[in-house]
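What follows is a set of notes on a single structure, which appears directly below.
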Amino acid sequence: MDLHAWIDNYLDHLRVERALARNTLEAYARDLGELAAHIGEDDAHDVKRIDASHVLAFVVSASRRGKSARSSARQLSAMRGFFRFLIRERAIPTDPTELVERPRLARKLPRVLSYDEVDRLLAAPPEDTARGVRDSAMIHLMYASGLRVSELCGLELGELDRRIGTVSPLGKGGKRRVVPVGQIALERIERYIDLVRVHNKGATRDKHLFLSPRGKRFTRQGLWKLLKAYARACGITTPISPHKLRHSFATHLLRGGADLRAVQAMLGHADLGTTEIYTRVAQDHVRAAFERAHPRA
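According to this note's numbering, the stretch in the sequence shown is residues 69 to 365, in order.
Here you go:
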């Protein structure tokens, strides 16, 4: 088989065996497709002809085109997974990415909302309209639970336990977790379900918790637009996104003394190191308070 056929096989493997999300699969397909286009048809017809020089030339070419170090690192990771799959399938003897060094990344600290900005954002949706009641429930749930945007939009009515106040989102890699939502957010969600969702045209045929006025599952793009509109309305000038609310959720928990492992579990991080970056953001807050208040700072 040629390179293109092996890429198709690998994507099928990721979809069926690994149950990766559609967005992740599309990213893999895009990255590997760019590699195939760079290698060209002469070498692509036989995967055994692909070596480290092809991979290195591809990474260098991407960098010259203005590709960021983070994007190059992601592409290299996708290539490594692909070539290791080929080794397992006995299509190639060695991994051509093995000697290619991963681009160095300057790890950026997540930017978070202040407590005042969160309060203003939560108070922004009008409580006297059906759309405002729904939007209030969505924003409260995002900040109370730290859900990813895909998890919030994909959340089903049956994944909310109103009795104990938890949601059970389906996270990355098809892993489910249980996350508390808190009494304030739960009250907003229940009000939306009992007063608004029950009258939505999709209430009986669509199992998703949050529905658009047309009775369909709420979209990621819709959530982005909604947040930006409310942020603008309440005077928040810093860029905002659903993931920024997730960052704020984690950072504010740690500032309040939450256990790092508990925050890891709530966020659904497989690696504790991914969660640890929020401790640096929380510590920056403490350091800033010290420098403002201490006479010898």
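Yeah, the Cβ is synthetic: ideal placement off N, Cα and C, and Gly gets one too. Predicted model, so just to flag it, every value in this text is computed and none were measured.
What does a CB cutoff of less than 7 Å around residue i pick up in its chain, not counting 5 residues either side in sequence?
| i | result |
| --- | --- |
| Asp80 | none |
| Arg265 | Ala271 and Leu279 |
| Ser182 | none |
| Pro164 | Ile118, Asp119, Ala120, His122, Val123 and Phe151 |
| Arg83 | Leu93 |
| Asp274 | Gly283, Lys284 and Arg285 |
Would you mind working out which of the options sits nearest residue i, comparing C-alpha positions?
| i | options | result |
| --- | --- | --- |
| Arg314 | Glu102, Arg216 and Gly233 | Arg216 |
| Ala350 | Ala120, Leu335, Gly325 and Ile160 | Gly325 |
| Arg98 | Arg132, Ala146 and Lys116 | Ala146 |
| Val180 | Ala330, Gln143 and Thr305 | Thr305 |
| His128 | Pro248, Asp203 and Arg170 | First, the amino acid is wrong: residue 128 is Val here, not His. Closest option to Val128, Cα to Cα, is Arg170. |
| Leu277 | Asn91, Met206 and Leu88 | Met206 |
| Arg245 | Ala159, Leu335, Arg158 and Ile261 | Leu335 |
| His106 | Leu144, Ala125, Ala318 and Asn91 | Ala125 |
| Asp76 | Ala89, Asn91, Gly101 and Arg90 | Gly101 |
Check residue i in the structure and name its three-state DSSP category.
| i | result |
| --- | --- |
| Pro310 | helix |
| Leu189 | helix |
| Val115 | helix |
| Val246 | coil |
| Asp76 | helix |
| Thr234 | strand |
| Glu224 | strand |
| Arg86 | coil |
| Arg285 | strand |
| Asp339 | coil |
With respect to the alpha helix (DSSP H) encompassing residue i, which residues constitute its N-terminal and C-terminal limits?
| i | result |
| --- | --- |
| Cys302 | Neither: Cys302 is in no alpha helix (DSSP H) and is coded neither H nor E. |
| Arg273 | Element bounds for Arg273: n/a, residue is neither H nor E. |
| Asp70 | It is not in any alpha helix (DSSP H) - Asp70 carries neither H nor E in the DSSP assignment. |
| Leu144 | Ala137 to Arg156 |
| Asp262 | Gln251 to Leu263 |
| Ile107 | Arg90 to Ile107 |
| Leu386 | In the structure as shown, the chain begins at 69 and stops at 365. Residue 386 is therefore absent and cannot be evaluated. |
| Ala208 | The residue you asked about is not Ala; residue 208 is His in the sequence shown. Here the alpha helix (DSSP H) through His208 covers Ala198 to Ser213. |
| Val168 | From DSSP, Val168 is part of no alpha helix (DSSP H); its letter is neither H nor E. |
| Leu328 | Leu328 to Leu335 |
Looking only at its own chain, which residues have a Cβ that is under 6 Å from the Cβ of residue i, when we skip the five neighbours before and after it?
| i | result |
| --- | --- |
| Leu340 | Gln332 |
| Ala87 | Gly242 |
Can you name, in chain order, every residue of its own chain whose Cβ lies under 8 Å from the Cβ of residue i, other than the five neighbours on each side?
| i | result |
| --- | --- |
| Glu85 | none |
### Query
Touching or not, the region 218-235 and the region 287-299, by the rule of three or more beta carbon pairs under 8 Å?
yes
### Message
Quick test of the definition: if touching needs 3 or more C-beta pairs under 8 Å, does the region 296-305 touch the region 235-253?
### Response
no
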